[in-house]
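Undergrad: Protein chains in written order, with our numbering: chain A, 77 to 398; chain B, 77 to 398; chain C, 77 to 398; chain D, 77 to 398.
So that we are looking at the same thing, I have put the structure below in structure tokens.
There are 4 protein chains.
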Amino acid sequence: MRKHASILQTLNIDHGELDACKRRQRMKVGFIGLGAMGSAMASNLVAAGYNVTVWNRSEAATEKLASLGAKVARTPDRAVQGDVLHSMLANDQSVRAVILDSGLLDTMDPGTVHINHATISIELVRQLAEEHAKRGLEYVAAPVFGRPDVAAAGKLNVLAAGKASAIEKVRPLLDVLASKVWPMGDTPERANAVKLAGNFMIVAAIESMAEASVLTQAYGVSAADFIELISTTLFASPVYQGYGKAMAEQRFTPPGFALPLGLKDVMLAQEAAHAEQVPMPLAGVLRDSLLEALADGAEGMDLSALARVSARRANLDRRNKS
Amino acid sequence: MRKHASILQTLNIDHGELDACKRRQRMKVGFIGLGAMGSAMASNLVAAGYNVTVWNRSEAATEKLASLGAKVARTPDRAVQGDVLHSMLANDQSVRAVILDSGLLDTMDPGTVHINHATISIELVRQLAEEHAKRGLEYVAAPVFGRPDVAAAGKLNVLAAGKASAIEKVRPLLDVLASKVWPMGDTPERANAVKLAGNFMIVAAIESMAEASVLTQAYGVSAADFIELISTTLFASPVYQGYGKAMAEQRFTPPGFALPLGLKDVMLAQEAAHAEQVPMPLAGVLRDSLLEALADGAEGMDLSALARVSARRANLDRRNKS
Amino acid sequence: MRKHASILQTLNIDHGELDACKRRQRMKVGFIGLGAMGSAMASNLVAAGYNVTVWNRSEAATEKLASLGAKVARTPDRAVQGDVLHSMLANDQSVRAVILDSGLLDTMDPGTVHINHATISIELVRQLAEEHAKRGLEYVAAPVFGRPDVAAAGKLNVLAAGKASAIEKVRPLLDVLASKVWPMGDTPERANAVKLAGNFMIVAAIESMAEASVLTQAYGVSAADFIELISTTLFASPVYQGYGKAMAEQRFTPPGFALPLGLKDVMLAQEAAHAEQVPMPLAGVLRDSLLEALADGAEGMDLSALARVSARRANLDRRNKS
Amino acid sequence: MRKHASILQTLNIDHGELDACKRRQRMKVGFIGLGAMGSAMASNLVAAGYNVTVWNRSEAATEKLASLGAKVARTPDRAVQGDVLHSMLANDQSVRAVILDSGLLDTMDPGTVHINHATISIELVRQLAEEHAKRGLEYVAAPVFGRPDVAAAGKLNVLAAGKASAIEKVRPLLDVLASKVWPMGDTPERANAVKLAGNFMIVAAIESMAEASVLTQAYGVSAADFIELISTTLFASPVYQGYGKAMAEQRFTPPGFALPLGLKDVMLAQEAAHAEQVPMPLAGVLRDSLLEALADGAEGMDLSALARVSARRANLDRRNKS
């Protein structure tokens, strides 16, 4: 024993770290949904030493994870037989299909904690919470702020709402993914309401930048000049800088935040607002601007393509031509 | 001469600095309009060594400047007999009254540069530029971003549009006021269009924060929690942090940016947009929210009082009571 | 035979009428949904001589029909065993529950024509059309314009979309209900799109009247004077006159067109618009005004209670008090 | 005398009529502004037997009136030397130029009644009322509803606000122009507020028809079919029928109500609303839709060209092409 200790000392490993490492290896973690976000998040969990089993609808996405050391499940039910399940699916439809309608919850052991990172409707969160509770499963709503590169760096802002004991249990996992974990109380839907409100604000910021930029262009100021000014002074923050750059460069593909997903989120915010009788006049404007962008062919573009709508409304081209 | 040089060396003063200092003392600068902003700006010019003569409608505001070493003019025409005139008046009405209708321009020497820092309408800027040109006066539009505390620290963002030679001449003065000077070309109205667009974006940011915050409050998340989250992550920039703090604390007086002035600026942005046929749907919403705030008694409040409008629309109180 | 004819002559009955009467008695008609509208419509069908069997969730509503000569079914499936089924249910939820999820369609004979008068979503219409087609049933979308008193007078405007042969077959029934039948082609959803567009226009008309009336009140013109003027001149039509009267008299209960149903219809119009990427900026404003009305307690009021929202926004009371 | 009476009897003329006729000939009436509306109105006054002197900026428009028997004044001051002055000028600018800045009021005899039919800003009405009062002149605000053909038929709806005695004096003249005169009290601006509110409602009706029509077109219903339905049922009134016809036929020139004038009136309504702190969310939407129409080249078109904006937003053409 002494000898063992001295070897550890020689190797510069302390007992605490070793124990934590072993705990991680013993913790079996499932991860469902390996899009750009999910893949980056699951990779970090593997890298942190967790025993991770992944599943994804299309198998291609699982290869990278397998190469990092994750187990790959052929069916979702084989990915959920651990202590914790993460899921990062695209929208209400996917979550309903994979989690609810498939009967997956019936295959999970009581006590399992399901951490749902998806941006989904309040209505679905409530239904999920209920269905988990019925089966003795824990449900933690944990939507995240951050793009894939932020996820890859383990620097997400992770919201977390659910039973305190469940959050405590999975806290080390969330810490792997996050620069900061933001507890939102024990009602899961709160985390989702905050996520929808945040995404609404992102779209509002982009629309305001689009309208302001077209106004100043009409007076002869280039989009690049205007956006450099406002995004390094009053609005020196990630949202304005990221989307502003795309606007200044008129580069709307490939999408960072796909415009149709932005519309989906604004509509989910409107639904959430409707359920609680909260008028949100800006949301109505955003919905229509996004719809107008889609009608004009922005299906595959980034949210910053809202700039195209503002420019078209003002018929900005006629000025540039003359 | 050698002796003189060695004294300077002993005193650790170099020739360049001395020359610059003398140049400043020789440059006669007028400053009209000593509100919170103008007072801070003029003080910095005095501190930098310029020979400053100030005028203000109410004399009380001139005392501080006098104590710092400025000359005080009894009438505006005595303040404009230098090389450069700064003016920082509240709105179109004041600028018309003090600068145009008073005949002040006729008392100025040809070649004088007038630096107008006010946030005014495009229409008035065009008229001012024309009236200055007629008389051989130089007009530089130089609206600023920053509150009084930023002005006091000499850290404003100063836009500058006008003839290049005129801007070059007054550049040292602007550098005293600014953390950065943003040249906007030789058409004065461009600087004002950018200023109006920026203020429009500020109001849009506040309205979006107000709506989002009421949505999340309806789901049980406190305004303080929500605003801390978004203003330290996605929107970690001065505008969201400053107004967000006021919202979180429900502290709307005294105003930093008075709500009626915010409405004035949104309406000026709408006017500028109208003149160039630029639809701005968000601006329409902001105008009505601000008007609703005024109708509900926010005359003396800060722009962040838009949060009261959102809360009233959703009848948020009934929830808090129950 | 001759003798028979002479008796008919004596009785002033001609063969054509008699035949039509007999045809009606032979035609078995089901009617599901006896709210204010459905009850008035079914009554007219009975009065016209059809052999009508009615069903309603709450039995109370069936008594009046029974007293007029209708048969009353205990369960929906007993009401649908005729040649034609009318249904007039309140919303998507009721239609799904009673028609789709109940298995009712499986109990109907191939060839039966189902005339659905409900104002429902495009999505549900498409699903209904498909489910009927699968089973060899005919689906005619026949939403109506008109309030209960108009229905009672048999003066509805009835839209009708579906297979031409099916519409022809039921045309005599529609004629009983309508002052005019408006054929909308063979795609059922078209009739529903028109109905939603019409209801959207009704709400827009009311909101515009509310805003205009508050503006003129702020200048000292009474709501009654303003509304009399516009609703007997420029806008001398049923919608402005009906809702205008309620506004002028500040009488918002009992509802003619319940405000929550108006919100439902505006949201269905928005959904229909979203599916086809049609921006509708007015619809966004209407949604929020209606939501604001509900947040302020207008749950049981008429659509004309939008006037309360406009008045509150302008804080009109402070003027009236002073 | 007896003989005279018997002649009158023979000629079927009664004393009352003769006296009224003589009174009219004795009343000297000035009329300034002979656009499409003014020309029709002045013609009716001449036809009714009044002694009318007209003035118009461009002389061409005076010829028709001269041929009907009006006197033509070379300068405005010669047109105002009667008992009553009508003016029907295009906008604030014209009214300011012709009535206020020209010194015209100083040439009028105290007691003269000026009936201003123009649709102008509240602010200008207040100023006009004050300037008239100072000089002992009576000011009656009498904006009208109705297009040129209605004016020609003497069937306008004429609002009238001003001192009761002044209105009484000119009532016979207004009756010549109107199917109905609507007294609006003694504060002139009230009549203008009502006029602006009415025009706002007209634009709102058109925009709602445009949006609804594009929605139904997206579902395959022709604009003609939809507009026939709604404008002969729910909205069977002049506004919907007139503008609806233009929309159905896609015929936007020549303008009945020119789109730029519609924008002017919406903006005047917004100004009036701003002055009294009345939020009008629909007005904001209308302003932007009109601006978008102008940016797309609708300068010379009718208000019904709002349909083009709705269609472009939804990119309706792609459907029609496919």
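Idealized CB from N, CA, C, for every residue including glycine.
Under 8 Å, Cβ to Cβ, is there at least one residue of chain B near GLU368 of chain D?
TA: At least one chain B Cβ lies under 8 Å of GLU368 of chain D.
Undergrad: For the alpha helix (DSSP H) that contains THR292 of chain C, what are its first and last residues?
TA: 264 to 294 is the span of the alpha helix (DSSP H), which, as asked, contains THR292 of chain C.
Undergrad: Strictly below 8 Å CB to CB, what residues from chain C border ALA371 of chain A?
TA: Under the 8 Å cutoff, chain C gives GLN353, VAL354 and PRO355.
Undergrad: For MET277 of chain B and chain A, any beta-carbon pair shorter than 8 Å?
TA: It does; some Cβ of chain A falls within 8 Å.
Undergrad: Starting from ASN167 of chain D, follow the beta strand (DSSP E) in both directions and report where the run begins and ends.
TA: From DSSP, ASN167 of chain D is part of no beta strand (DSSP E); its letter is neither H nor E.
Undergrad: May I have the straight-line CA-CA distance separating MET77 of chain D from MET113 of chain D, to the nearest angstrom?
TA: In this prediction, MET77 of chain D scores a pLDDT of 47, lower than 50, which makes its location untrustworthy; the coordinate-derived value is nonetheless stated afterwards. Distance between the alpha carbons of MET77 of chain D and MET113 of chain D: 44 Å.
Undergrad: Note down the Cα distance separating PRO259 of chain C from THR188 of chain A, rounded to an integer number of angstroms.
TA: Answer to the nearest angstrom: the Cα atoms are 58 Å apart.
Undergrad: Between the alpha carbons of ILE282 of chain D and VAL315 of chain D, how many angstroms are there, rounded?
TA: About 8 Å.
Undergrad: Taking the runs of the alpha helix (DSSP H) that are 4 residues or longer, which of them lie wholly in the segment 125 to 162 of chain D?
TA: Listed in chain order, the complete alpha helix (DSSP H) runs (minimum 4 residues) inside the segment 125 to 162 of chain D are 138 to 144 and 152 to 155.
Undergrad: Around the Cβ of PRO331 of chain C, are there at least 16 other Cβ atoms within 10 angstroms (buried) or fewer (exposed)?
TA: With 16 or more Cβ atoms within 10 Å of its Cβ, PRO331 of chain C is classed as buried.
Undergrad: Got a sec: is the Cβ-Cβ distance from ASN233 of chain D to anything in chain C below 8 Å?
TA: True, the Cβ-Cβ gap to chain C drops below 8 Å.
Undergrad: Of the residues C:LEU272, C:ASP153 and C:GLU304, which one's Cα is nearest the Cα of ILE196 of chain C?
TA: Taking only the C-alpha atoms, the option nearest ILE196 of chain C is C:LEU272.
Undergrad: Decide if PHE302 of chain B is buried, meaning its Cβ has at least 16 other Cβ atoms within 10 Å, or exposed.
TA: It counts as buried.
Undergrad: Under 8 Å between C-beta atoms, does VAL252 of chain A make it to chain C?
TA: Taking Cβ atoms only, chain C never reaches closer than 8 Å to VAL252 of chain A, which makes this a no.
Undergrad: Consider the Cβ of ALA288 of chain A: report whether some Cβ of chain D lies at a distance smaller than 8 Å.
TA: Output row for ALA288 of chain A: interface = no.
Undergrad: Ignoring anything shorter than 4 residues, give me the alpha helix (DSSP H) runs that lie fully in the segment 156 to 234 of chain B, in order along the chain.
TA: Correct list: 168 to 171, 198 to 210 and 224 to 228.
Undergrad: For ARG395 of chain A and ALA294 of chain A, I'd like the C-alpha separation in whole angstroms.
TA: Straight-line Cα distance between these residues: approximately 8 Å.
Undergrad: Which class does ASP378 of chain B belong to by DSSP, given the choice of helix, strand or coil?
TA: Here ASP378 of chain B sits in strand by DSSP.
Undergrad: Quick one: give me the first and last residue of the alpha helix (DSSP H) that PRO314 of chain D is part of.
TA: Per DSSP, PRO314 of chain D belongs to the alpha helix (DSSP H) from 314 to 324.
Undergrad: Taking only beta-carbon positions, decide if ASP341 of chain B is within less than 8 Å of chain D.
TA: No, ASP341 of chain B does not count as interfacial toward chain D.
Undergrad: Can you tell which of B:SER307, B:LEU141, B:ALA96 and B:GLU199 has the C-alpha that lies nearest to the C-alpha of PHE107 of chain B?
TA: Checking every option, the nearest Cα to that of PHE107 of chain B belongs to B:LEU141.
Undergrad: Assuming SER255 of chain B is part of the beta strand (DSSP E), what are its boundary residues?
TA: Run containing SER255 of chain B: 254 to 259, per the beta strand (DSSP E) assignment.
Undergrad: List the whole-angstrom C-beta distance separating GLU304 of chain B from VAL201 of chain B, where the pair is believed to meet the contact cut-off of C-beta under 8 Å.
TA: Between VAL201 of chain B and GLU304 of chain B the Cβ distance is about 40 Å, and since that is not below 8 Å, they are no contact.
Undergrad: Look at the alpha carbon of LYS340 of chain B and the alpha carbon of PHE311 of chain D, and state the distance between them as a whole number of angstroms.
TA: Using only the alpha carbons, I get a separation of about 38 Å.
Undergrad: Rounded to whole angstroms, what is the Cα-Cα separation between ASP364 of chain D and GLY296 of chain A?
TA: ASP364 of chain D and GLY296 of chain A: Cα-Cα distance of roughly 21 Å.
Undergrad: Cα separation between SER179 of chain C and ALA322 of chain C?
TA: The amino acid occupying residue 179 of chain C in the given sequence is Gly; Ser does not appear at that position. The straight-line gap from Cα to Cα measures roughly 43 Å.
Undergrad: Hey, GLU287 of chain A and LEU358 of chain B: beta-carbon distance below 8 Å or not?
TA: Yes, the Cβ-Cβ distance between GLU287 of chain A and LEU358 of chain B is below 8 Å.
Undergrad: Per DSSP, what kind of secondary structure is GLY332 of chain D in: helix, strand or coil?
TA: It is coil, neither helix nor strand.
Undergrad: Could you tell me the boundaries of the beta strand (DSSP E) in which PHE107 of chain C lies?
TA: That run of the beta strand (DSSP E) goes 104 to 108.
Undergrad: Assuming the contact rule is C-beta atoms closer than 8 Å, ASP182 of chain A and ARG211 of chain A should be a hit. Round their C-beta distance to whole Å, please.
TA: That pair is a contact at about 7 Å.
Undergrad: Which same chain residues, not among the five before or five after GLY360 of chain D, have their C-beta less than 8 Å away from its C-beta?
TA: Closer than 8 Å at the Cβ level, and outside the excluded window around GLY360 of chain D, lie GLN346.
Undergrad: Please report whether the beta-carbon of VAL361 of chain A lies at a distance below 8 Å from any beta-carbon of chain B.
TA: For VAL361 of chain A, the answer is yes, since a Cβ of chain B falls inside 8 Å of its Cβ.
Undergrad: To the nearest angstrom, how far is the alpha carbon of TYR126 of chain C from that of ARG100 of chain C?
TA: One C-alpha to the other measures close to 5 Å.
Undergrad: Using 8 Å as the limit for Cβ to Cβ distance, is ALA390 of chain B near chain C?
TA: Yes, ALA390 of chain B lies at the interface with chain C (some Cβ there is under 8 Å from its Cβ).
Undergrad: Between which two residues does the alpha helix (DSSP H) holding ALA116 of chain B run?
TA: Start and end: 112 to 123.
Undergrad: Tell whether a beta-carbon distance below 8 Å holds between ALA299 of chain B and SER289 of chain B.
TA: Cβ distance < 8 Å, so ALA299 of chain B and SER289 of chain B count as in contact.
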